[in-house]
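Reviewing the structure listed below.
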Amino acid sequence: MMQGQPEPDWIGVDWGTTHLRAWAMTADGVELAGADSGMGMASLTRDGFEPALLDLIDPWLSGAPMTVIACGMVGSRQGWVEAPYSAVPCPAIAAAMVAAPITDPRLEVHVIPGIKQLDPPDVMRGEETQIAGFLHLDPGYNGILCLPGTHTKWVRISDGQVSAFRTAMTGEVFACLSQHSVLRHTVAPDGRDGGWDDDAFAEALNDTLSRPEHLATRLFALRADHLLNGTPPGISTARLSGLLIGIELAASRGYWLGQNVTLIGATRLARIYAQALAAQGVPAILADDSAVTQTGLFTAYQALKEPVT
């Protein structure tokens, strides 16, 4: 049981590929405490999920069973329990949650299903909870939600439902190129430093947005420019980001051109996307990803607790 604070009524969990976040919550959705760890889905076998969760939330537990609402890769085929996808068009959280197998009597774990699209084929897990949280806070929203990240989602919202979406692997491609290609000698080691250059980013963005077929040659030019002209890593990092986000915007033009766009995600990355969209005459609104994730988990908790009539 938590010391010096009220006992939580339930626990919300965002369980991704590389990270695990948990929040102790009241019945009306107020956060009492938070915790996180690096025990993401990719580092666990199926029998490792329960111990990893207990390590994080044990101080919040008492003798009575605690309701845990979980979203993200915990519900994938490689996760704790597979939560089948709902097909678009659908509400953000369209299907019943799936109970995870547990051995500790203090736990009741419910996993939120993801969303699938058959044509063109696409899937999401975790983002549907953020979308549900955003729509709970802004129920009349119609437009595009962009969720930047390792796999950026462009989501069309119509009449309170997810009607279509596309995924771009921009973040993962950036990581692969900056850490495992010849460009690892050219860009900042962690993808950022104090030398970030807005003009370099904007120039590279416009280059691939208008001429995406030039991407492969523009990428190697980053390496050559560093060798021949001593271009600082911060500028090369900004250019690499601009090239990759530019080609993503070229591919997703139908999702942002002339649309009402809201960005949900980590502040720095979301601001980079906002900068890119603003350069195309699209002013995007920023929404806090932690806040909408918690709210989405809260909507799932409410649905679970609603009496059956």
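For what it's worth, our numbering labels the leading residue of the sequence shown as -15, then goes sequentially. Every residue gets a Cβ at the ideal spot worked out from N, C-alpha and C, and that includes glycine. If you're wondering where the values come from, they're calculated on a predicted model, not measured in any experiment.
Taking the continuous beta strand (DSSP E) assigned at residue i, which residues delimit it?
| i | result |
| --- | --- |
| Leu4 | Leu4 to Met9 |
Helix, strand or coil for residue i? Go by DSSP, reduced to three states.
| i | result |
| --- | --- |
| Leu28 | coil |
| Ile96 | coil |
| Ile248 | strand |
| Ser220 | helix |
| Met108 | strand |
| Met(-14) | Low local confidence applies: a pLDDT of 48 at Met(-14) is under 50, so the model's placement there is unreliable, with the coordinate-based value given in what follows. Residue state, collapsed to three classes: coil. |
| Ala152 | strand |
| Met50 | strand |
| Leu127 | A small correction: the amino acid at residue 127 is Gly; Leu does not occupy that position in the sequence shown. Of the three classes helix, strand and coil, the one that applies to Gly127 here is strand, per DSSP. |
| Val(-3) | strand |
| Glu312 | Shown here, the chain extends from -15 to 293; a query on residue 312 therefore has no answer. |
| Asp122 | coil |
| Ser189 | A quick correction: the sequence has Leu, not Ser, at residue 189. Leu189 falls in the helix class under three-state DSSP. |
| Trp44 | helix |
| Gly133 | coil |
| Val157 | helix |
| Pro196 | helix |
| Asp181 | coil |
Should residue i go down as buried or exposed, given a rule of 16 or more other Cβ atoms within 10 Å for buried?
| i | result |
| --- | --- |
| Phe204 | exposed |
| Thr293 | Residue placement at Thr293 is flagged as unreliable, the pLDDT there being 46, under the threshold of 50; the coordinate-derived value follows with that caveat. It is exposed - the Cβ of Thr293 has fewer than 16 other Cβ atoms within 10 Å. |
| Glu111 | buried |
| Arg109 | buried |
| Ala208 | exposed |
| Asp31 | exposed |
| Ile248 | buried |
| Pro132 | buried |
| Ile306 | Because the chain is modelled from -15 through 293, residue 306 falls outside the range shown and cannot be assessed. |
| Gly280 | buried |
| Ala11 | exposed |
| Glu197 | exposed |
| Pro35 | exposed |
| Gly265 | exposed |
8 Å is my cut-off, CB to CB: does residue i come that close to chain D?
| i | result |
| --- | --- |
| Ala184 | Absence of chain D from the displayed structure is noted, only one protein chain being present. |
What first and last residue would you give for the alpha helix (DSSP H) that runs through residue i?
| i | result |
| --- | --- |
| Leu37 | Phe33 to Ile41 |
| Ala208 | Leu199 to Asn213 |
| Tyr238 | For the sequence presented, residue 238 should be read as Gly rather than Tyr. Run containing Gly238: Arg237 to Trp240, per the alpha helix (DSSP H) assignment. |
Thinking just about the alpha-carbon of each residue, which of the options is nearest to the one in residue i?
| i | options | result |
| --- | --- | --- |
| Ala48 | Ser70, Arg90 and Ala17 | Arg90 |
| Val95 | Trp44, Ala80, Thr87 and Gln101 | Ala80 |
| Met313 | Ile86, Val166 and Gly59 | Because the chain is modelled from -15 through 293, residue 313 falls outside the range shown and cannot be assessed. |
| Gly0 | Gly13, Ser27, Tyr69 and Glu(-9) | Ser27 |
| Phe118 | Ile77, Asp191 and Gly238 | Ile77 |
| Trp180 | Ile219, Asp12 and Val276 | Ile219 |
| Thr151 | Val171, Ser60 and Ile229 | Ile229 |
| Asp191 | Leu4, Ala260 and Arg255 | Ala260 |
| Gly(-4) | Thr2, Glu34, Ile41 and Ala186 | Ile41 |
Taking DSSP's pairing of strands, which residues face residue i in a bridge?
| i | result |
| --- | --- |
| Ser70 | Ile99 |
| Arg140 | Ile128 and Ala148 |
| Val82 | Val95 |
| Glu15 | Met9 |
| Ser21 | Leu4 |
| Ile269 | Thr246 |
| Gly56 | Trp(-1) |
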